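Okay, so here's the structure we're looking at.
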Amino acid sequence: MPRGRKKSDVSREEKLLKEREAERQRRALRKNDPELREEDRIKEYLRYIQRKNDGRIKLLKDLNERDRRGKRKKLKENLAAFRLRQKVLDQALRNTPPPSPPQPTPARPNSSDGGSSRREAGRIRIKRNRSKIYREYERLKKHNKSLQ
(Lines of atoms letter the chains of each structure in order from A and count residues from 1; the text may use other names and numbers.)
(Lines give C-alpha, C1' and ligand atoms only; values in the text may rest on other atoms or scores of the structure.)
Protein backbone atom coordinates (compact mmCIF):
# COMPACT_ATOMS: atom_id res chain seq x y z
CA MET A 1 0.00 0.00 0.00
CA PRO A 2 1.67 3.20 -1.13
CA ARG A 3 1.50 6.04 1.28
CA GLY A 4 1.39 9.41 -0.33
CA ARG A 5 0.55 12.83 0.88
CA LYS A 6 -2.92 12.94 2.44
CA LYS A 7 -5.25 15.25 0.55
CA SER A 8 -7.09 17.92 2.38
CA ASP A 9 -10.81 17.47 2.95
CA VAL A 10 -11.38 21.16 2.35
CA SER A 11 -11.98 21.99 -1.28
CA ARG A 12 -10.45 24.94 -3.07
CA GLU A 13 -13.76 26.80 -3.11
CA GLU A 14 -14.20 26.40 0.65
CA LYS A 15 -10.68 27.71 1.24
CA LEU A 16 -11.37 30.72 -0.96
CA LEU A 17 -14.64 31.36 0.83
CA LYS A 18 -12.88 31.20 4.19
CA GLU A 19 -10.14 33.58 3.02
CA ARG A 20 -12.69 36.04 1.64
CA GLU A 21 -14.58 36.04 4.93
CA ALA A 22 -11.35 36.64 6.88
CA GLU A 23 -10.47 39.53 4.55
CA ARG A 24 -13.97 40.98 4.95
CA GLN A 25 -13.61 40.88 8.73
CA ARG A 26 -10.15 42.48 8.55
CA ARG A 27 -11.49 45.32 6.41
CA ALA A 28 -14.44 45.84 8.75
CA LEU A 29 -12.04 46.02 11.70
CA ARG A 30 -9.86 48.61 9.93
CA LYS A 31 -12.94 50.57 8.89
CA ASN A 32 -14.25 50.80 12.46
CA ASP A 33 -10.95 52.04 13.93
CA PRO A 34 -10.53 55.80 13.20
CA GLU A 35 -6.72 55.69 13.12
CA LEU A 36 -6.54 52.70 10.79
CA ARG A 37 -9.28 54.17 8.57
CA GLU A 38 -7.31 57.44 8.26
CA GLU A 39 -4.14 55.47 7.48
CA ASP A 40 -5.97 53.55 4.72
CA ARG A 41 -7.41 56.79 3.33
CA ILE A 42 -3.94 58.36 3.08
CA LYS A 43 -2.48 55.23 1.47
CA GLU A 44 -5.28 55.13 -1.10
CA TYR A 45 -4.78 58.83 -1.88
CA LEU A 46 -1.03 58.32 -2.41
CA ARG A 47 -1.81 55.34 -4.63
CA TYR A 48 -4.21 57.50 -6.66
CA ILE A 49 -1.54 60.23 -7.07
CA GLN A 50 0.99 57.62 -8.21
CA ARG A 51 -1.42 56.12 -10.75
CA LYS A 52 -2.30 59.60 -12.01
CA ASN A 53 1.39 60.47 -12.46
CA ASP A 54 2.02 57.17 -14.27
CA GLY A 55 -0.79 58.02 -16.69
CA ARG A 56 -3.00 55.08 -15.74
CA ILE A 57 -5.74 57.53 -14.73
CA LYS A 58 -6.60 60.13 -17.32
CA LEU A 59 -7.83 63.54 -16.32
CA LEU A 60 -10.81 65.13 -18.00
CA LYS A 61 -8.59 67.74 -19.67
CA ASP A 62 -6.51 64.96 -21.25
CA LEU A 63 -9.50 63.25 -22.88
CA ASN A 64 -10.85 63.96 -26.33
CA GLU A 65 -14.27 65.55 -26.73
CA ARG A 66 -16.13 62.29 -27.25
CA ASP A 67 -14.68 60.67 -24.11
CA ARG A 68 -15.40 63.86 -22.16
CA ARG A 69 -19.05 63.66 -23.15
CA GLY A 70 -19.16 60.03 -22.01
CA LYS A 71 -17.60 60.92 -18.66
CA ARG A 72 -20.01 63.80 -18.14
CA LYS A 73 -22.97 61.58 -19.03
CA LYS A 74 -21.84 58.94 -16.52
CA LEU A 75 -21.35 61.66 -13.89
CA LYS A 76 -24.89 62.96 -14.47
CA GLU A 77 -26.33 59.45 -14.16
CA ASN A 78 -24.44 58.79 -10.93
CA LEU A 79 -25.45 62.15 -9.49
CA ALA A 80 -29.12 61.58 -10.38
CA ALA A 81 -29.04 58.14 -8.72
CA PHE A 82 -27.38 59.62 -5.63
CA ARG A 83 -29.97 62.40 -5.37
CA LEU A 84 -32.79 59.87 -5.77
CA ARG A 85 -31.37 57.74 -2.94
CA GLN A 86 -31.04 60.83 -0.74
CA LYS A 87 -34.62 61.86 -1.56
CA VAL A 88 -36.01 58.41 -0.71
CA LEU A 89 -34.06 58.36 2.55
CA ASP A 90 -35.28 61.85 3.45
CA GLN A 91 -38.90 60.88 2.74
CA ALA A 92 -38.55 57.73 4.82
CA LEU A 93 -37.18 59.75 7.73
CA ARG A 94 -39.95 62.34 7.44
CA ASN A 95 -42.69 59.69 7.25
CA THR A 96 -41.35 57.64 10.15
CA PRO A 97 -43.16 58.43 13.40
CA PRO A 98 -41.02 59.67 16.28
CA PRO A 99 -39.80 56.99 18.66
CA SER A 100 -41.98 56.30 21.65
CA PRO A 101 -40.55 57.23 25.05
CA PRO A 102 -38.75 54.39 26.78
CA GLN A 103 -40.92 52.29 29.06
CA PRO A 104 -39.98 52.59 32.72
CA THR A 105 -38.38 49.40 33.92
CA PRO A 106 -39.07 48.22 37.44
CA ALA A 107 -36.07 48.64 39.69
CA ARG A 108 -34.49 45.46 41.00
CA PRO A 109 -34.22 45.40 44.78
CA ASN A 110 -31.04 43.27 44.81
CA SER A 111 -29.25 45.03 41.98
CA SER A 112 -27.60 48.36 42.69
CA ASP A 113 -25.83 48.70 39.33
CA GLY A 114 -28.44 46.95 37.20
CA GLY A 115 -26.05 44.10 36.33
CA SER A 116 -27.10 40.60 35.50
CA SER A 117 -27.72 37.98 38.14
CA ARG A 118 -24.79 35.93 36.82
CA ARG A 119 -22.48 38.86 37.45
CA GLU A 120 -23.84 39.27 40.95
CA ALA A 121 -23.41 35.57 41.65
CA GLY A 122 -19.84 35.77 40.42
CA ARG A 123 -19.08 38.75 42.66
CA ILE A 124 -20.52 36.90 45.67
CA ARG A 125 -18.39 33.86 44.85
CA ILE A 126 -15.25 36.02 44.56
CA LYS A 127 -16.00 37.73 47.87
CA ARG A 128 -16.54 34.37 49.57
CA ASN A 129 -13.26 33.00 48.19
CA ARG A 130 -11.33 36.09 49.25
CA SER A 131 -12.76 35.85 52.75
CA LYS A 132 -11.83 32.19 52.93
CA ILE A 133 -8.26 32.91 51.80
CA TYR A 134 -7.94 35.78 54.29
CA ARG A 135 -9.13 33.56 57.17
CA GLU A 136 -6.65 30.87 56.15
CA TYR A 137 -3.89 33.49 55.97
CA GLU A 138 -4.69 34.78 59.47
CA ARG A 139 -4.81 31.22 60.86
CA LEU A 140 -1.42 30.41 59.34
CA LYS A 141 0.03 33.67 60.66
CA LYS A 142 -1.09 32.78 64.21
CA HIS A 143 0.26 29.25 63.79
CA ASN A 144 3.58 30.69 62.59
CA LYS A 145 3.82 32.99 65.62
CA SER A 146 3.13 30.10 67.97
CA LEU A 147 5.99 28.12 66.44
CA GLN A 148 8.49 30.93 67.02
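Going by numbering that gives the first Met the number 0, the residue at position 25 of the sequence shown is 24; the numbering climbs one at a time, nothing skipped.
Even for Gly, the Cβ is constructed at its ideal location relative to N, Cα and C.
Here the structure is a predicted model, which means the values were calculated and not measured.
Query, Result
"Got a sec? Which residues, its chain only, sit under 6 Å from glutamine 90 by beta carbon, not counting five neighbours each side?", "none"
"Can you tell me whether serine 116 is helix, strand or coil according to DSSP?", "helix"
"Our contact map puts isoleucine 41 next to arginine 50 with C-beta atoms below 8 Å; I'd like the distance itself, whole angstroms only.", "Contact flag wrong, Cβ pair sits at about 15 Å."
"On the DSSP letters alone, give me the boundaries of the alpha helix (DSSP H) that arginine 68 sits inside.", "64-94"
"Please check the pair arginine 25 and arginine 36, which I expect to be a contact at CB under 8 Å, by giving their CB distance rounded to whole angstroms.", "At roughly 13 Å, the Cβ-Cβ gap does not stay under 8 Å, so arginine 25 and arginine 36 are not in contact."
"Would you tell me roughly how many angstroms separate the C-alpha atoms of leucine 78 and leucine 15, rounded to the nearest one?", "35 Å"
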